[in-house]
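Trainee: First the structure, then my questions, so here it is.
There are 2 protein chains.
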Amino acid sequence: MSSARTNDKKSTDAASLYALGLQVLTSNGVSEKLAAIVTDVLLEADRRGVASHGFTRLAGYIERVRRGLLDPSAEPEIVKDGEAIILMDGRNGFGAVAGVQATQLAAARANKYGMCWITVRNSNHFGIAGYYAHMLAQRGLAGIVFSNASPAVAAYGGKRATLGTNPIAIAVPTGDEPIMLDMATTTVARGKIRRAKAERRSIPLGLALDVDGQPTTDPEAALKGTLASLGGYKGYGLAVMIELLSGVVSGGRYLTEVRQVTDLSGTAGPCFTIIAADIGRLIGLDEYARRIDRFRSVLRQSGDENAEIYLPGEIENRRAREADKNGIALPADVVEAIEALSS
Amino acid sequence: MSSARTNDKKSTDAASLYALGLQVLTSNGVSEKLAAIVTDVLLEADRRGVASHGFTRLAGYIERVRRGLLDPSAEPEIVKDGEAIILMDGRNGFGAVAGVQATQLAAARANKYGMCWITVRNSNHFGIAGYYAHMLAQRGLAGIVFSNASPAVAAYGGKRATLGTNPIAIAVPTGDEPIMLDMATTTVARGKIRRAKAERRSIPLGLALDVDGQPTTDPEAALKGTLASLGGYKGYGLAVMIELLSGVVSGGRYLTEVRQVTDLSGTAGPCFTIIAADIGRLIGLDEYARRIDRFRSVLRQSGDENAEIYLPGEIENRRAREADKNGIALPADVVEAIEALSS
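Note that the protein sequences, when read in sequence, are chains A and B. Heads up: the first sequence begins at 141 in the numbering used here, then just goes up one per residue. Heads up: the second sequence begins at 141 in the numbering used here, then just goes up one per residue.
Structural data, given as C-alpha cells:
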C-alpha cells in the first residue's frame, strides 16, 4: 500500500544523519565547509521536530544544484555597508550559507555598535528562521529574523497568492537555553501541508483555501490555493511588513517574483533580514537572566495545578534533547530519496 | 435612557479638540510643551479612528496626575547609552512624552549608526504604538515599536491574566504616506472592549474569556477575565517576546507588575521599545519608493475586479483625512468628562 508505505518512519541518530547530509552534498560538488553549514541547518530543524524544514528539503536543494538553479559554491557578499545596517547579496547560493554568514556579521556589528540590521537578497530557502535567531541568542544577543517566501497567501480581500508564509523568529538569551518564537505568519507553514500531502493525510478546516477561495481539507487543493493568514488581517499585515522589510527594501525579489523550491523554471531568490541587538548593554546579562527566571515562574504558575504552560521554543528544545537520545524519526521515503542522491 | 445617552456622538473639529486637550492639561499643571505632545498623540488616535486610544483616555491621565500617580512634568532620561542601543527611564511621566522623546533620539542615532534600539522603562500609557513608528517613517526610517501592558491575557495553557495586549507597530516610509501595521497581539485591543462596555454593547464570541476561562460576549465579564491571544499560541508567543524585549530587558516592570491605567493603587510603569532603521542606506529611498509603488499595484490587482484590498494603515489614513474634513465624532460622555476636567 503506497499510502501506508510513505507513512513509515525510519529512526536515525543525529550523527549518522549529519554524516549522510555531508556525504550527499559533497558528492554533489559542495565544499566541505559549505556542506557542513547546510547540513547543520537542516539537521537542527529535524532535531527540533520541524520536519517540514529539515532533511525532507535536501533532495529539492540537490535538484536545484544539478539543474544549475542554485550555485553550490556561492557565499554572500556585502553590497552596501552602512555600518549598523548592511545589504548583502546571497549570489544565489544556499540560503543556509547566506543565513549563517550574515548572522555572524550581524553579531560582530552588534557587538561593535550595539545593534545591527542585515538584509540579504538573492538567496535560497534558508531552513528555519529560528536557526539564525538562535545563533544570536547563544551569543548573548537578541535576534529577530524574518524572510519573504514564494507566493502562498492571498492579500486580505484578495484571491490569488501574492504573499509568502513570511516567517518570523525572535530569540533571546537566558541563563540557560534561549527562549525562541519561530512562526509563519499563516495559521500553519506550507511545509506542514506539503508533508500532509506526502503522507496522504487531510488537513483541518481553517488552514487553507482552494483556488476559488473556498476552505478545504485537501492538502493538494490547499497547495494549489492559498494559506489562511494568522488571525486574518493581522497576519496579513505582518506578512506585508516582512515583505517590505526584506524583498522590497533590498532591491531583491518580492511577492510573485519569488519562486518555490519545487519550481524549476528559474532561480528562487527569496530575501531575509537579520536584526541583532546587544541587550546586555542595558542592565547587564546577569541581572537580565535573574529576571528571566522570575518571568518563567510567574507564567508557569498562572494556570490550574497541572496546567502545561510552555515558553516559546520550550517544546522544540525538549524534542531536540529527545532526538539526541532516541534518534530522529524521518519518513522512509525521505531517507530513501536522500540515500539515492549520493549514489 | 442612559444607554442611548452614552451612544450619542458629538462631532468636533480636530483643531478645537486639540485646543481643548491643551487647555485641560495646562489647567492641570502640565507645561505647554509637554501638553502639546500628549494632546497630539491622543488626537492622532481619534483622527485615525482608534477611539479606544484617543481622548477617551484623557480623564484617566488627569486622574493619575491629580492623585500623584503620574508626574506631569517628568521627561525621560538616558540610563545607559550603548551607542546604537539605549536604555531610558520615563521617570513616571506621560507615556507620550517618553515615547516622542525616545523616538527623536532613536531617529538621531539611526541617522548616525544606521540603526538604533531604545527601550524605555517606568513609563505610562503612551497611546497608539503606531504614533512613534509613524514618526520614524515620516523621517525616512523604518520603525518597529512594541510595548508591554497591564495583565489582560492568559499564557497559552494558563488561566489568570499575566501578559498584556502587548501591541506592535511597524511602519515604513513610501513616496507618499507611510505603510503602517499597528496591532495588539490579542484578537482585539482591550480598549475596544472597554469602549463596548461604555456603550453597553455586547462583543462577538472568540475575543475574550471570563474569569473561569469560558468564552463570553459580555464586555464586563471579558474585562474581568482575559483576552484571547491572536491565533492562539502564535499571538501568545509574540506577546511573550515583546514582554521580554521591553519589560524584562530594561529592568522595568513586567507581567503582573504593570498596572492598568484605571488601577489607582499605585504607579503604572509599562515599558516599551523603539527600533529605528535607516533603510535608505541599502538601495536609496528613491529606488525603494519606486518598488513600493509596484508592490502596491501587485497586491491591489490580486483579487476579483471590485475587491477592496488595503495595505496596513490605509483605512486609518483615509479616516484621518475624513476627520480633517468632517470633524471627529466623540461619544458625548467622553467630551463631557473632558470639559469637566478644565473647570
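For glycine and all other residues, C-beta sits at the position ideal for the given N, C-alpha and C. All values derive from a computational prediction rather than experimental measurement.
Classify Arg-461/A as helix, strand or coil using the three-state DSSP reduction.
Mentor: Reading the first sequence from its first residue, position 321 is the one you call residue 461/A. Helix at Arg-461/A.
Trainee: For His-274/A versus Pro-318/A, is the C-beta distance shorter than 7 angstroms?
Mentor: One-based indexing of the first sequence puts residue 274/A at position 134. One-based indexing of the first sequence puts residue 318/A at position 178. Closer than 7 angstroms, so yes.
Trainee: Tell me whether Asp-322/B is buried or exposed, calling it buried when 16 or more other Cβ atoms sit within 10 Å of its Cβ.
Mentor: Indexing the second sequence from 1 puts residue 322/B at position 182. Classification for Asp-322/B: buried.
Trainee: Suppose contacts are defined by Cβ-Cβ distances below 7 angstroms. Is Gly-365/B in contact with Leu-349/B by that definition?
Mentor: Position 225 of the second sequence holds residue 365/B. Position 209 of the second sequence holds residue 349/B. Yes, Cβ-Cβ distance for Gly-365/B and Leu-349/B is below 7 angstroms.
Trainee: Assuming Phe-195/B contacts Val-401/B under a Cβ cut-off of 8 angstroms, what Cβ separation, rounded to an integer in Å, is found between them?
Mentor: Counting from 1 along the second sequence, the entry for residue 195/B is found at position 55. Counting from 1 along the second sequence, the entry for residue 401/B is found at position 261. Not confirmed; about 14 angstroms, so no contact.
Trainee: Within the 7 angstroms Cβ cut-off, does Thr-302/B reach chain A?
Mentor: Residue numbering aside, residue 302/B sits at position 162 when the second sequence is read from its first letter. Answer yes: the Cβ-Cβ gap between Thr-302/B and chain A drops below 7 angstroms somewhere.
Trainee: I'd like to know whether the C-beta of Arg-341/A is nearer than 7 angstroms to at least one C-beta of chain B.
Mentor: Translated into the one-based positions of the first sequence, residue 341/A becomes position 201. Not an interface residue.
Trainee: Using a Cβ-Cβ distance cut-off of 7 angstroms, determine whether Ser-405/B contacts chain A.
Mentor: Along the second sequence, read from residue 1 onward, the residue named residue 405/B stands at position 265. Not an interface residue.
Trainee: When DSSP labels each residue in this structure, what does Lys-299/B get in the three-state scheme?
Mentor: One-based indexing of the second sequence puts residue 299/B at position 159. DSSP places Lys-299/B in coil when its eight states are reduced to three.
Trainee: Could you tell me whether any non-hydrogen atom of the ligand HEM is closer than 6 angstroms to the CB of Gly-239/B?
Mentor: The ligand HEM is not part of this structure, which contains no ligands at all.
Trainee: Do Arg-335/A and Thr-305/A have their C-beta atoms within less than 7 angstroms of each other?
Mentor: Locating residue 335/A in the first sequence gives position 195, counting from the first residue. Locating residue 305/A in the first sequence gives position 165, counting from the first residue. Result no, Cβ atoms of Arg-335/A and Thr-305/A do not sit closer than 7 angstroms.
Trainee: First and last residue of the alpha helix (DSSP H) that includes Glu-217/A?
Mentor: On the first sequence, position 77 is the one that residue 217/A refers to. Note, Glu-217/A: premise wrong, no alpha helix (DSSP H); beta strand (DSSP E) at 217-221.
Trainee: For the segment 417-432 of chain B against the segment 219-233 of chain A, are there 3 or more C-beta pairs whose distance is under 8 angstroms?
Mentor: In short, these stretches touch, since the Cβ pair count reaches three.
Trainee: If we call anything under 7 angstroms between Cβ atoms a contact, is Asn-262/A one with Gly-392/A?
Mentor: Position 122 of the first sequence, counting from 1, holds the residue named residue 262/A. Position 252 of the first sequence, counting from 1, holds the residue named residue 392/A. Cβ distance < 7 angstroms, so Asn-262/A and Gly-392/A count as in contact.
Trainee: With DSSP as the reference, please indicate the residues paired to Ile-419/A in a beta bridge.
Mentor: In the first sequence, residue 419/A corresponds to position 279, counting from 1. The partner list for Ile-419/A (beta bridge, DSSP) is empty, contrary to what the question assumes.
Trainee: For Asn-288/B, which of Ala-301/B, Pro-307/B and Arg-279/B has the nearest alpha-carbon?
Mentor: To locate residue 288/B, count along the second sequence from 1; it is residue 148. Of the candidates Ala-301/B, Pro-307/B and Arg-279/B, the one whose C-alpha sits nearest the C-alpha of Asn-288/B is Pro-307/B.
Trainee: Anyone know if the C-beta pair for Val-178/A and Leu-165/A falls short of 7 angstroms?
Mentor: Counting from 1 along the first sequence, the entry for residue 178/A is found at position 38. Counting from 1 along the first sequence, the entry for residue 165/A is found at position 25. Yes; because the gap between Cβ atoms is below 7 angstroms, this pair is in contact.
Trainee: Just checking: is the beta-carbon of Asp-153/A within a distance shorter than 7 angstroms of some beta-carbon in chain B?
Mentor: Looking up residue 153/A in the first sequence gives position 13. So, not an interface residue.
Trainee: By how many angstroms is the C-alpha of Leu-481/A removed from the C-alpha of Leu-157/A?
Mentor: Locating residue 157/A in the first sequence gives position 17, where the first residue counts as 1. Locating residue 481/A in the first sequence gives position 341, where the first residue counts as 1. Approximately 14 angstroms, taken between the alpha carbons.
Trainee: Distance, Cα to Cα, Arg-458/B vs Arg-204/B?
Mentor: On the second sequence, residue 458/B is found 318 positions in, with the first residue counted as 1. On the second sequence, residue 204/B is found 64 positions in, with the first residue counted as 1. So the two alpha carbons sit approximately 33 angstroms from each other.
Trainee: Measure the alpha-carbon distance for Ala-154/A versus Asn-168/A and round it to whole angstroms.
Mentor: Against the first sequence, residue 154/A aligns to sequence position 14. Against the first sequence, residue 168/A aligns to sequence position 28. Approximately 21 angstroms, taken between the alpha carbons.
Trainee: Taking 7 angstroms as the CB-CB limit, is Glu-418/B close to chain A?
Mentor: Looking up residue 418/B in the second sequence gives position 278. Looking at the sequence itself, residue 418/B is Asp, so the reference to Glu does not match. Chain A, which has a Cβ nearer than 7 angstroms to the Cβ of Asp-418/B, makes this yes.
Trainee: Per DSSP, what kind of secondary structure is Ala-185/B in: helix, strand or coil?
Mentor: Here residue 185/B refers to the residue found at position 45 when the second sequence is read from its first residue. It is helical.
Trainee: Can you confirm whether Leu-367/A, when its beta carbon is compared against all beta carbons of chain B, has any partner nearer than 7 angstroms?
Mentor: The count along the first sequence starts at 1 and reaches residue 367/A at position 227. Output row for Leu-367/A: interface = no.
Trainee: Using only the alpha-carbon positions, how far apart do Thr-357/B and Gly-297/B sit?
Mentor: Indexing the second sequence from 1 puts residue 357/B at position 217. Indexing the second sequence from 1 puts residue 297/B at position 157. Approximately 21 angstroms between the Cα atoms of the pair.
Trainee: If we cut at 7 angstroms on Cβ distances, does Ser-442/B have a partner in chain A?
Mentor: For the purposes of this step, residue 442/B is identified with residue 302 of the second sequence, where counting begins at 1. So, interface residue.
Trainee: Could you check what DSSP says for Leu-227/A in three-state terms: helix, strand or coil?
Mentor: If you number the first sequence from 1, residue 227/A lands on position 87. If DSSP states are grouped into helix, strand and coil, Leu-227/A belongs with the strands.
Trainee: Taking Cβ-Cβ distances shorter than 7 angstroms, what residues in chain A pair up with Asn-410/B?
Mentor: Looking up residue 410/B in the second sequence gives position 270. Here residue 410/B turns out to be Pro, not Asn, going by the sequence shown. In chain order: nothing, as chain A lies at least about 15 angstroms away.
Trainee: What's the call for Ser-359/A, buried or exposed, on a 16-neighbour Cβ count within 10 Å?
Mentor: Along the first sequence, one-based indexing puts residue 359/A at 219. Going by the sequence as given, residue 359/A is Pro instead of Ser. So Pro-359/A ends up on the buried side.
Trainee: Mind checking whether Ala-295/A and Ser-442/B have CB atoms under 7 angstroms apart?
Mentor: Taking the first sequence and counting its residues from 1, the one referred to as residue 295/A is at position 155. Taking the second sequence and counting its residues from 1, the one referred to as residue 442/B is at position 302. Yes, Cβ-Cβ distance for Ala-295/A and Ser-442/B is below 7 angstroms.
Trainee: If contact means a Cβ-Cβ distance below 9 angstroms, which residues of the segment 442-471 of chain A contact chain B?
Mentor: Cβ contacts with chain B: Ser-442, Gly-443, Asp-444, Ala-447, Glu-448, Ile-449, Tyr-450, Leu-451, Pro-452 and Gly-453.
Trainee: What span of residues does the beta strand (DSSP E) with Ile-258/B cover, start to end?
Mentor: Locating residue 258/B in the second sequence gives position 118, where the first residue counts as 1. Segment 255-261, the beta strand (DSSP E) holding Ile-258/B.
Trainee: Listed from N- to C-terminal order along the chain, which residues in the segment 376-408 of chain B have their beta-carbon within a distance smaller than 7 angstroms of any beta-carbon of chain A?
Mentor: Answer in chain order: Gly-377, Leu-378, Val-380, Met-381, Leu-384, Leu-385, Val-388, Val-389, Ser-390, Gly-391, Tyr-394, Leu-395 and Thr-396.
Trainee: Below 7 angstroms on C-beta distance, what does Lys-374/B contact in chain A?
Mentor: Here the question's residue 374/B lines up with position 234 in the second sequence. Ordered by position in chain A, the residues that pass the 7 angstroms Cβ test against Lys-374/B are Met-323 and Leu-370.
Trainee: Determine, using beta carbons only, whether Ala-463/B and Arg-187/B come nearer to each other than 7 angstroms.
Mentor: Here residue 463/B is taken as the residue at index 323 of the second sequence, counted from 1. Here residue 187/B is taken as the residue at index 47 of the second sequence, counted from 1. The answer is yes: Cβ separation under 7 angstroms.
Trainee: When burial is assigned at 16 or more other CB atoms within 10 Å of the CB, is Gln-354/A buried or exposed?
Mentor: As a position in the first sequence, residue 354/A is number 214, starting the count at 1. Exposed, by the Cβ-count rule.
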